[in-house]
Every structure is written in C-alpha cells, then in structure tokens.
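Here's the structure we're looking at; comments come further down.
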Amino acid sequence: MFFNLNNNKIKLAQARDLKIKRWEHLLIGISTVLIILGFLFILIISAKPLPPKGVKLEIKKGATLPAVSQALLDSNVIRSQALFNSLMRLSKSDRHIQTGIYLFTEPENLLRIIWQLRTGDFGVKLVKVTIPEGANNHEVGLILDKALPDFEIEVYKTVSLNLEGRLFPDTYFLSPLATTEQIVERLNDSYLEKIQPLRMLIKQSGHTENEILTMASLLEEEAKDHEVRRMVAGILWKRLDQGMKLQVDAVFPFLINKNTFELTKKDLNYDSPYNTYKYKGLPPGPITNPGLDSIFAALTPKESDYLFYLSDKKGLMHYAVTYGEHLKNKKKYLGT
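Just so you know, we're using my numbering here: the sequence shown kicks off at 109 and counts up by one.
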C-alpha cells in the first residue's frame, strides 16, 4: 500500500515536470519567433541613412529583380537584399517594377520602397504634358522641350526620326528626371499598347499598319467628326483603288507649313513624295500622330458614290460624285 502511494506520487511529479518542460519549450519557441519577427520588422521599417544629396537610381527596361535589389543595396537604399526580394515576390511587385530614374532623397522603409517601384513613384513631382491629336513629331518635340527642363531636343530629333505617327497623343505625367530617350519610349509604348487590340482589324482590312496610320493621319487633319472621317476615308480608299491622286491638302502644313486657304499653284507642285497632288498613292508614312478616332475611321470607311469632297471656311464638308460637281462646290463654297 505504502509502495503504491509513493509510486503514484512519483508519476504525478514526472507528469508535472513533463508539462513544465513542454511549456518551457513552447515559451522558448514563441520567444525565438518573436525575436526573429522583431528583427525582420526592424529591417522592414528601419531606413538606411542616405547621402545629403540623396540617391539617383535608374531602373532600366527588362531589369531583373536581383539586378534591381543589388543596385538598391549598392546605393545604400536597402539593408537586406534577401528580405527585399522576398517581400517583392510575396507582394507580386516583382512583376510590376516601373522603369525610370528614381530619386531617393530621404531614408525610406522597405514597404515604401517597394510601393515606389510598383507604382512608378519616382520621388519627384511629375510634370503634366498633353500631346494633342494630330500633332506631328516636330510639334511634339516643342511641347516636351517647353515642359521639361532637361529635355534634349537634338537627341529627340534622332530617336524619334522613324516614329512619326507612333508617339501616341495623350495626357502624360512625366518625370523631370527621365532621359529624352525614356520619354520617347514612353510615348511609343503608349502607341503600341493602344494599337495592339486593333492588329486583327488591321490585318482584316487588307492594308499594312503603316498604311492605316498614314490614312489616319490624313483624316486627323481633313475632318474632326468621326462619321465625316469615315466618309472621307471611304472616298480616299476608293480614289486609291481607282488609281487617282488623293489631292489631300492636309499634307501641306506638314510639308511647307501652309493650310488649305494659303496654298498657291506653285505649292501644289512642291516636289515631295508626300505631295498627294503631284504623286499617286499614299504618302510614304504618317504626317501626324493620329488619335484612336482617326485610326478607327481609317479601319471602318463608309461606302458612298462620292469621289470628291471639300471643306468650306466654316469646316463643313461638301461631297461630289463627279469632278464637274466638285468644281461647282468649289465655286459655291470657296469662291474659286
């Protein structure tokens, strides 16, 4: 009896000791996790001191996450490359890194830095720039040069040389730190983004992308209303099919900076492949950067019996089936 009592006491003591040890292990585990989490939290929210002038860092197109994090580490913007990479992947921000030149003027925590890279917050006040529909590349360059202090117009002329019609007209918020090449790339990327959904329509039209853009650039200048543009597109495509000269006045502001009402007979004979009075067919390329409305009009021409049209001084369009009718319209509405 006495032996059994002692044996029970021993078992109870052992069970109590085991329970205490389990609690000790649990507390040690929790403490370890808390210490690790605390360390990570400090790394995440703490910011590394930066030089007095801050850090200017360029993220180039196609840069990988390891390359970006290494650049940030080398510039003392982040403390831990591994932690930065992990957080970028966990938040899927590694798929949305915005290219450009970033300015880090104050120490920032990791979460803030990740947000900047994901949203394109370059650390400077962005400049609002509006490129109107129908602006040619020369005019686009003048707008950008006026808006951005470090814009290099001569560099622009070189990089935009073969991009007439492909700098999409829109309102942009541009970083004043961006290089001229980056700005041109931004406008061209916008064009590529807008034209992508239309590529099947372009293919079905039987025309090349350059032909559609060229026609759209003519429509942009010839008419302002969508349905009128579609009507004019139908007339111009028909004239091309019949081997007629387009005789579009819209090319002359591009060629010699003159509008319809300033043209002379000598101007109509200006020797250029863009002169649709002198040469048959479409001009070699776009004369302006057309908007989506004009591109759609070029893709969806309206059929009619008309072969001629003119715009009066009020901007109203008048159509004719025959050249004789067209001459009557010229006399009636233009006095010529």
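For each residue, glycine too, the CB sits at the ideal point set by N, CA and C.
Under 8 Å by Cβ, that's how I've got residue i and residue j pegged, so tell me the actual separation to the nearest angstrom.
i, j, result
"Y264", "G242", "No, Y264 and G242 are not in contact; Cβ-Cβ is about 19 Å, not under 8 Å."
"V235", "I205", "Incorrect: roughly 22 Å between the Cβ atoms, too far for contact."
"T238", "T287", "No, T238 and T287 are not in contact; Cβ-Cβ is about 21 Å, not under 8 Å."
"I222", "S201", "5 Å"
"P409", "R338", "6 Å"
"A331", "P398", "That pair is no contact at about 12 Å."
"I209", "K164", "6 Å"
"I167", "T207", "5 Å"
Beta strand (DSSP E) containing residue i: first to last residue?
i, result
"K164", "V163 to I167"
"S446", "This structure leaves residue 446 out entirely; the chain is present only between 109 and 444."
"S419", "F416 to S419"
"M352", "Note, M352: premise wrong, no beta strand (DSSP E); not H, not E."
Could you please give the first and the last residue of the uninterrupted alpha helix (DSSP H) stretch that includes residue i?
i, result
"L234", "Looking at the DSSP string, L234 is not in any alpha helix (DSSP H), and its letter there is neither H nor E."
"F192", "Q189 to L198"
"R220", "L218 to T227"
"F456", "Nothing can be reported for residue 456, as the shown portion of the chain is limited to 109 through 444."
"Y299", "T288 to I303"
"T266", "I261 to V267"
"T444", "No alpha helix (DSSP H) contains T444, which DSSP labels as neither H nor E."
"E330", "E317 to E330"
Let me make sure I understand the geometry here. Which of the options has the alpha-carbon closest to that of residue i?
i, options, result
"L348", "F416, F281, L295 and N367", "F416"
"T322", "Y382, V237, L180 and D278", "Y382"
"L400", "A171, R274 and L180", "R274"
"I343", "E214, H426 and G170", "H426"
"E328", "F362, Q350, K374 and K346", "F362"
"S268", "E247, A190, E216 and D333", "E247"
"G228", "S313, D182, L282 and T396", "L282"
"N244", "F276, R226, A190 and L219", "F276"
"Y385", "K374, D297 and L173", "K374"
"E335", "E411, A171 and L285", "E411"
"Y414", "I403, L424, L407 and V429", "V429"
"E272", "I310, T213, L354 and I395", "I395"
"P391", "P240, R197, I320 and L218", "I320"
"A406", "N437, G389 and I310", "I310"
"K421", "F404, I364, K439 and E216", "K439"
"I403", "K366, L442 and Y299", "Y299"
"D423", "Y441, G432, E433 and K436", "Position check: residue 423 holds Gly in this sequence, whereas Asp was assumed. Checking every option, the nearest Cα to that of G423 belongs to Y441."
"V292", "G314, E317, E260 and H315", "E260"
"S194", "L173, L211, V185 and L181", "L173"
"R220", "N365, F192 and K233", "F192"
Since residue i sits in a beta bridge, which residues does DSSP pair it with?
i, result
"T238", "T279"
"F212", "V163"
"A428", "F416"
Within 8 Å, do at least three Cβ pairs link the stretch 301-312 to the stretch 247-261? The stretch 247-261 is not in contact with the stretch 301-312.
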